[in-house]
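Take the sequence shown: its letter number 413 is residue 1019 in our numbering, and every next letter is one higher.
All C-beta atoms, glycine included, are put in the ideal place defined by N, C-alpha and C.
Below: one structure, written as structure tokens.
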Amino acid sequence: MSHRRITKRKAVMAGAGAVGIAAAAVLLPQAYAGQDGARSDASAPRQMSAASAAELLQQLGKQLGESYGGAYYDAGKQQLVVNVVGDNNEIDVRVKKAGAVPRSVDNSASELSAAKSALSRKATVPGTSWAIDPRNNQVLVTADRTVTGERWDRLEAAVKNLGPGMARIQKSGGEFKTFLEGGDAIFGGGARCSLGFNVTTQDGSPGFLTAGHCGVAAEQWSEEAGGGAIGTVQEAVFPGAGDFALVTYDDAATEALSEVDTGDGRTVAIARAADAPVGQDVIRMGSTTGLSDGQVTGLDATVNYPEGTVTGLIQTNVCAEPGDSGGALFTADGSAIGLTSGGSGDCTAGGETFFQPVTTALEAVGARIGDGAGGDAGAGAEDSGGVANNGGAEANGGANAGTDGGADTGSDAGADAGVQGNGGADGTGAGGPDELGGDDAQGDAVGADDGALHN
607 MSHRRITKRK
617 AVMAGAGAVG
627 IAAAAVLLPQ
637 AYAGQDGARS
647 DASAPRQMSA
657 ASAAELLQQL
667 GKQLGESYGG
677 AYYDAGKQQL
687 VVNVVGDNNE
697 IDVRVKKAGA
707 VPRSVDNSAS
717 ELSAAKSALS
727 RKATVPGTSW
737 AIDPRNNQVL
747 VTADRTVTGE
757 RWDRLEAAVK
767 NLGPGMARIQ
777 KSGGEFKTFL
787 EGGDAIFGGG
797 ARCSLGFNVT
807 TQDGSPGFLT
817 AGHCGVAAEQ
827 WSEEAGGGAI
837 GTVQEAVFPG
847 AGDFALVTYD
857 DAATEALSEV
867 DTGDGRTVAI
877 ARAADAPVGQ
887 DVIRMGSTTG
897 LSDGQVTGLD
907 ATVNYPEGTV
917 TGLIQTNVCA
927 EPGDSGGALF
937 TADGSAIGLT
947 SGGSGDCTAG
957 GETFFQPVTT
967 ALEAVGARIG
977 DGAGGDAGAG
987 AEDSGGVANN
997 GGAEANGGAN
1007 AGTDGGADTG
1017 SDAGADAGVQ
1027 GNGGADGTGA
1037 GGPDELGGDD
1047 AQGDAVGADD
1057 GALHN
């Protein structure tokens, strides 16, 4: 197992991780080069990290009002690109002075947010998702292979009614489902999931986060199929406003260190929880597929699973498969980003994968990352990362993503970080193990669990 549970003298390894894995930088489509260049006649834009871009956008977006059309991080150029509606030289100058790149677009973030909300009212059918794509300045609607006949007609009509240039539909070859099985494998009620990140609860007890659909599947969890329970679910949300669960360790003496174990004796410290901007390179760990990397492609995504609608998720092109649910999404510098929820495709063909933001889960359950040695690591990262709010906060003059309004208005604009869902990360592990040691037999023991949720 990659997440080891050891009491007193040793530590429980949090999440699953990758030391020495560099998520590949993805260059933005060249189709936008002309638009970017047309507004870059002032001082050269500033190079910055994704985290710095998130902080800048959190401040800058609030100043732009209805001129704001979303934003994304250009990982190749290390620049923040800010969409600006209309021909307002004063806004352009303000964006340039802040060190970002202004780019002229037609649709404001608030208009795109309203379009996304209209889809939620008129086209909520299983097998669909939508989030704002700032690279194309549209709402990107994705329909999996189950959306046919009347359901497809309904979706297509809803998109058309939004007006020209407001949204587009793409087909996914897979099927949207939760990836129930598991990171560091944990077992409960015949299901297999992943331990995400170790946390400290409000009363100082050790625990961990995992996917909410795992938390509603079983109350107690063990580290071996049929083994004794190590933890009990205290809170679980799924479906609805998220997909996360808090599990506390039954042994209060368990040391829940904030580390990621990659196997092969390698670990990386998880220093903080943070929100990632669109374009951020991220790494995922799961007990089924090991390590995979890719980029954040959308924020505050709405996903219509067969079990119900879930809002406020992170969309990525990182691959995942059944058994990866609850597993850790993080950055190479040790920031906890998300918990694996579900998606379509696999690590051979690729697909779209959705994650529960860690910062939102921590706030909801009142926990913090790790053993608390770093103080308010989780909460601090929420302040500095800020990008789950980012697009949404800026689009709506600072609306918070923690509310339904943030999830569907601010959050929709937050998704302006964009949905590129281009088929996922290549392969299963960017050099990591295809499967975490020792889990094959355990996986077989529960191979039939919740078959309806599996590919």
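For residue i and residue j, I'd like the C-alpha separation in whole angstroms.
i	j	result
G810	A797	28 Å
G802	E696	45 Å
S735	A729	10 Å
S719	V884	16 Å
S714	E829	48 Å
G933	N694	45 Å
A824	G837	11 Å
E865	A677	32 Å
P732	R652	42 Å
G951	R974	32 Å
D739	G904	7 Å
G795	G675	46 Å
R760	Q921	23 Å
G692	G705	20 Å
T959	V916	13 Å
S655	G834	44 Å
H819	G667	34 Å
K703	V688	12 Å
G972	S658	26 Å
E762	I775	8 Å
A1019	L670	Note that A1019 scores 36 on pLDDT, short of 50, meaning its location in the model is unreliable; the coordinates nonetheless yield the value given after this. Distance between the alpha carbons of A1019 and L670: 13 Å.
Q826	G892	20 Å
A791	A926	14 Å
Beta strand (DSSP E) containing residue i: first to last residue?
i	result
T748	Q744 to A749
C820	No beta strand (DSSP E) holds C820; the alpha helix (DSSP H) holding it covers G818 to G821.
R872	R872 to A875
L686	Q685 to V691
S710	V707 to V711
L852	F850 to Y855
A652	The residue you asked about is not Ala; residue 652 is Arg in the sequence shown. From DSSP, R652 is part of no beta strand (DSSP E); its letter is neither H nor E.
T895	Where T895 is concerned, there is no enclosing beta strand (DSSP E), given that its DSSP letter is neither H nor E.
Mapping the DSSP letters down to three states, classify residue i as helix, strand or coil.
i	result
I697	helix
K777	strand
G755	helix
A942	strand
E865	strand
R557	The structure shown does not extend to residue 557, since the chain spans only 607 to 1061, so no value can be given for it.
T860	strand
E927	coil
R798	strand
L935	strand
A999	The predicted model places A999 with a pLDDT of 34, which falls under 50 and marks its position as unreliable; any figure quoted below should be read in that light. Correct three-state label for A999: helix.
A681	coil
L761	helix
S673	helix
A985	Its pLDDT being 38, under 50, A985 is placed unreliably in this model, and the coordinates cannot settle the point.
If you follow the alpha helix (DSSP H) that residue i is part of, which residue opens it and which one closes it?
i	result
L662	A656 to L670
T569	Nothing about residue 569 can be reported from this structure: the residues present for the chain run from 607 to 1061 only.
E717	A715 to K728
Count the other C-beta atoms from every protein chain shown that fall within 10 angstroms of the C-beta of residue i, then say buried if there are 16 or more, exposed otherwise.
i	result
T946	buried
S906	It is Asp, not Ser, that sits at residue 906 in the sequence shown. Under this definition D906 is a buried residue.
P770	exposed
E756	exposed
D857	exposed
E672	exposed
V783	Going by the sequence as given, residue 783 is Lys instead of Val. Buried, since its Cβ has 16 or more Cβ neighbours within 10 Å.
G780	buried
G846	exposed
K766	exposed
R751	exposed
If I'm right that residue i touches residue j with Cβ under 8 Å, what's the distance once you round it to whole angstroms?
i	j	result
P928	G944	Actually they do not touch by this definition, with Cβ atoms about 18 Å apart.
G721	L662	Reading off the sequence, residue 721 comes out as Ala, not Gly. That pair is no contact at about 26 Å.
L919	F961	6 Å
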